[in-house]
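Note sheet for the following structure.
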Amino acid sequence: MREASKGWPRAKSAASHTACGYCDTLQRIIPLSEGDSAHCQTCGGELYENRPHSLQRTISFSSAALFLMGLIMIFPFLSLDNNGLKSTMTVWDATEQLWMEGSEMVAIATALFIIILPLLLIACLIYVCFPLLFQRYWPGGVMAFRAATFLQTWAMVEVFFLGTIVSLLKLVKLAEVSLGVGFWAFSLLVVMLAGALSSVDRVEFWDRLEAAREGGREKPA
Numbered sequence: 004m005r006e007a008s009k010g011w012p013r014a015k016s017a018a019s020h021t022a023c024g025y026c027d028t029l030q031r032i033i034p035l036s037e038g039d040s041a042h043c044q045t046c047g048g049e050l051y052e053n054r055p056h057s058l059q060r061t062i063s064f065s066s067a068a069l070f071l072m073g074l075i076m077i078f079p080f081l082s083l084d085n086n087g088l089k090s091t092m093t094v095w096d097a098t099e100q101l102w103m104e105g106s107e108m109v110a111i112a113t114a115l116f117i118i119i120l121p122l123l124l125i126a127c128l129i130y131v132c133f134p135l136l137f138q139r140y141w142p143g144g145v146m147a148f149r150a151a152t153f154l155q156t157w158a159m160v161e162v163f164f165l166g167t168i169v170s171l172l173k174l175v176k177l178a179e180v181s182l183g184v185g186f187w188a189f190s191l192l193v194v195m196l197a198g199a200l201s202s203v204d205r206v207e208f209w210d211r212l213e214a215a216r217e218g219g220r221e222k223p224a
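Using this note's numbering, the letters of the sequence shown map in sequence onto residues 4 to 224.
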């Protein structure tokens, strides 16, 4: 079995280059110490950073986020008690209520940006990270990582959470509010998802993906 890479396979080669995400200047990748970052020689923008244990941290945070998403789907988000009239609400209930009130576009946007896209983002990260732990490549790994890179811009759980806090400040004046398991799970989800995305070392991930693909081609059919 090939020894697990502790760094970046291509970073040891002078032929390894990366393009600046700000000015598109092509520059050579150089090895960095843990925690250090490289910057563009043209515009000064950050090119990449050596994030220690990037793969392990990403899959740990992503797995925790997936578990929390399950709790959010199952348990109530909050409960309201207004003069003896009690009601509970999950995230799905909120989207359904928006739909019933005629706000179809808002309901679709809520379900898409708060539930569906975050789930897809978490699934893509786990799909890429898990086989890489064993220096393996699963079909569609490159596409999954590109999808994760794209989805991180559109998974707006932190925006929904901030909006919820603002709404709660108004609700407590109208009714007695009890926060459910779903709310606390969502609070932790914001932290876990942020941790997963901040752990991703794109240069290392691309190098590991390429090394795993090349290793798979070398094996006899």
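Note that the Cβ used here is the ideal one computed from N, Cα and C, for glycine as well. Treat the numbers as computed from the prediction; the structure is a model and nothing was measured.
Given residue i, which residues of its chain have a CB within under 7 Å of its CB, disregarding the five upstream and five downstream residues?
i	result
R54	S202, D204
F133	I62
S16	Residue placement at S16 cannot be trusted, given a pLDDT of 47 that sits under 50; what the coordinates show is reported in the next sentence. Within the same chain, S16 has no close Cβ partners at all.
For residue i, does the three-state DSSP call read helix, strand or coil?
i	result
E213	helix
T167	helix
L71	helix
V175	coil
S36	coil
Are residue i and residue j close, meaning C-beta to C-beta below 8 Å?
i	j	result
H20	I33	no
A158	C127	no
M76	W95	yes
T91	G183	yes
L58	L135	yes
A215	R139	yes
S40	Y51	yes
L74	G185	yes
Considering just the uninterrupted stretch of the beta strand (DSSP E) at residue i, what are its terminal residues?
i	result
V193	Note, V193: premise wrong, no beta strand (DSSP E); alpha helix (DSSP H) at 184-202.
H56	First-last for H56: undefined, no H or E at that position.
Q30	29-31
S40	40-42
T21	20-22
Within the same chain, show all residues whose beta-carbon is closer than 6 Å to that of residue i, passing over the 5 residues directly before and after it, in chain order.
i	result
G198	F64
A67	M195
Y25	C46, G48
Tell me which same chain residues have a C-beta within less than 8 Å of the C-beta of residue i, skipping the five on either side of it?
i	result
E99	A110
T28	A22, C43, Q44, T45, C46
Exercise for review: Jot down the residue ranges of each uninterrupted alpha helix (DSSP H) in the region 78-154, minimum 4 residues, whole runs only, in chain order.
Suggested key: 94-103, 107-114, 120-135, 144-154
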